[in-house]
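Numbering-wise (numbering that gives the first Met the number 0), the sequence shown opens with residue 0 and increments by one. Note that the Cβ used here is the ideal one computed from N, Cα and C, for glycine as well. Working notes for the structure below.
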Amino acid sequence: MSCLPPPLESRSLSLSYGERNIIENLNLCLPERCITVLVGGNGCGKSTLLKAFARLLKPSQGHVRLDGRDIHQWPTQQVAQRLAILPQGPTAPEGLTVHQLVRQGRYPHQRWLQSWSQEDEQRVNQALRDTDLTELADSPVDSLSGGQRQRAWIAMALAQDTDILLLDEPTTYLDLTHQIDILDLLADLNNRWEKTIVMVLHDLNLACRYAHHIVAVRNGGVYAQGHPQDVVTETMVQEVFNLGCQIIRDPLFGTPMCVPYGKAGVPGSNGVRHAATA
């Protein structure tokens, strides 16, 4: 896929919580109609950066630009019509149904004295179909499995009908099957509707499999960015994650695959052995 000029970017961006600096002087462009994945160790600033791109955190210095304009100069409703964010671990009020949750995605498109429109209902129904939740529309969100709940929140973001989706660790707490289901769904949304998707992932191998563009974050800055093949190297994993590994080719997808051996060293040396050979 050919990536287009960035609709969302940061210029000399610094972010902090009180006196604690998290991101310093960061320049980053997020390519349009591509899947970008932010990776890095715990506390490196990935989620903080995502919040700034969603206008949930005001910079201490610098700017986030949406379509070339400082995002804090945009009216709130217009920002919500342009981008949607799914935070980490969202919760819904008890008893709220899937359909009611997904309807909330249409609020940025409402106007005073304007009733719920046929287009609103069509967008909600399309979002339910895209996430395979039509049959569960009347079910309470809190009665769903983890994977189903995550799909419901993604459906709400889809009903918002934005070109840009920001997701903070969308696969956290999900088993492997549901992780793949969610990532396949996001890949399909990117392929079918050309959504610009930016997400934080912890699984480096899944990041390589699904991303067009990877940004490795270290110590509040960008260590490297680009195609997974160019970014995910043994040196990057060592310096960003402080983890020894071997990078091999994924036998199914041809993407970089990280085989970690950690601080204990290479298996078979210094008394370290695979369990299968013990």
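Sub-8 Å separation of residue i and residue j beta-carbons
{"i": "Ile184", "j": "Thr130", "result": "Rather than Ile, the amino acid found at residue 184 in this sequence is Leu. Yes, Cβ-Cβ distance for Leu184 and Thr130 is below 8 Å."}
{"i": "Ser9", "j": "Leu27", "result": "yes"}
{"i": "Val123", "j": "Val101", "result": "yes"}
{"i": "Gly81", "j": "Leu56", "result": "Position check: residue 81 holds Arg in this sequence, whereas Gly was assumed. It is not a contact, given that the beta carbons lie outside the stated cut-off."}
{"i": "Glu31", "j": "Thr170", "result": "no"}
{"i": "His98", "j": "Asp137", "result": "yes"}
{"i": "Ala154", "j": "Leu85", "result": "no"}
{"i": "Pro107", "j": "Ala79", "result": "yes"}
{"i": "Gly44", "j": "Ser13", "result": "no"}
{"i": "Leu164", "j": "Ala215", "result": "no"}
{"i": "His177", "j": "Gly225", "result": "no"}
{"i": "Tyr209", "j": "Leu251", "result": "no"}
{"i": "Leu200", "j": "Glu238", "result": "no"}
{"i": "Leu29", "j": "Pro58", "result": "no"}
Rounded C-alpha distance that separates residue i from residue j
{"i": "Leu242", "j": "Leu135", "result": "42 Å"}
{"i": "Leu222", "j": "Val230", "result": "Note on residue identity: the sequence assigns Tyr, not Leu, to residue 222. Roughly 9 Å between the two C-alpha positions."}
{"i": "Ala206", "j": "Thr35", "result": "9 Å"}
{"i": "Ser11", "j": "Asn218", "result": "15 Å"}
{"i": "Phe240", "j": "Val38", "result": "10 Å"}
{"i": "Gly253", "j": "Asp202", "result": "17 Å"}
{"i": "Asn24", "j": "Pro89", "result": "30 Å"}
{"i": "Leu7", "j": "Gln121", "result": "28 Å"}
{"i": "Gln117", "j": "Asp174", "result": "37 Å"}
{"i": "Gln87", "j": "Phe52", "result": "15 Å"}
{"i": "Asp249", "j": "His211", "result": "16 Å"}
{"i": "Trp115", "j": "Gln72", "result": "29 Å"}
{"i": "Ser144", "j": "Thr47", "result": "28 Å"}
{"i": "Leu49", "j": "Gln77", "result": "18 Å"}
Among the options, the one whose alpha carbon lies nearest that of residue i
{"i": "Gly220", "options": "Ile21, Gly17, Leu7, Met235", "result": "Ile21"}
{"i": "Glu93", "options": "Pro227, Gly42, Ser142", "result": "Ser142"}
{"i": "Asn204", "options": "Asn189, Ile179, Glu193", "result": "Ile179"}
{"i": "Leu125", "options": "Val63, Arg105, Gln109, Trp111", "result": "Note on residue identity: the sequence assigns Gln, not Leu, to residue 125. The shortest C-alpha separation from Gln125 is found at Arg105."}
{"i": "Leu188", "options": "Arg128, Pro5, Gln76", "result": "Arg128"}
{"i": "Leu132", "options": "Ala158, Pro74, Arg19", "result": "Ala158"}
Own chain, CB closer than 6 Å to residue i, minus 5 neighbours either side, in chain order
{"i": "Ala91", "result": "Leu100, Val140"}
{"i": "Leu166", "result": "Leu85, Met198"}
{"i": "Gly17", "result": "none"}
Own chain, CB closer than 8 Å to residue i, minus 5 neighbours either side, in chain order
{"i": "Ile246", "result": "Val231, Thr232, Glu233, Val236, Pro255, Met256, Cys257, Val258"}
Sequence-distant residues of its chain with Cβ nearer than 7 Å to residue i (five each side left out)
{"i": "Cys244", "result": "Glu233, Val236, Cys257, Val258, Pro259, Tyr260"}
{"i": "Arg148", "result": "Val140"}
{"i": "Gln228", "result": "Pro255"}
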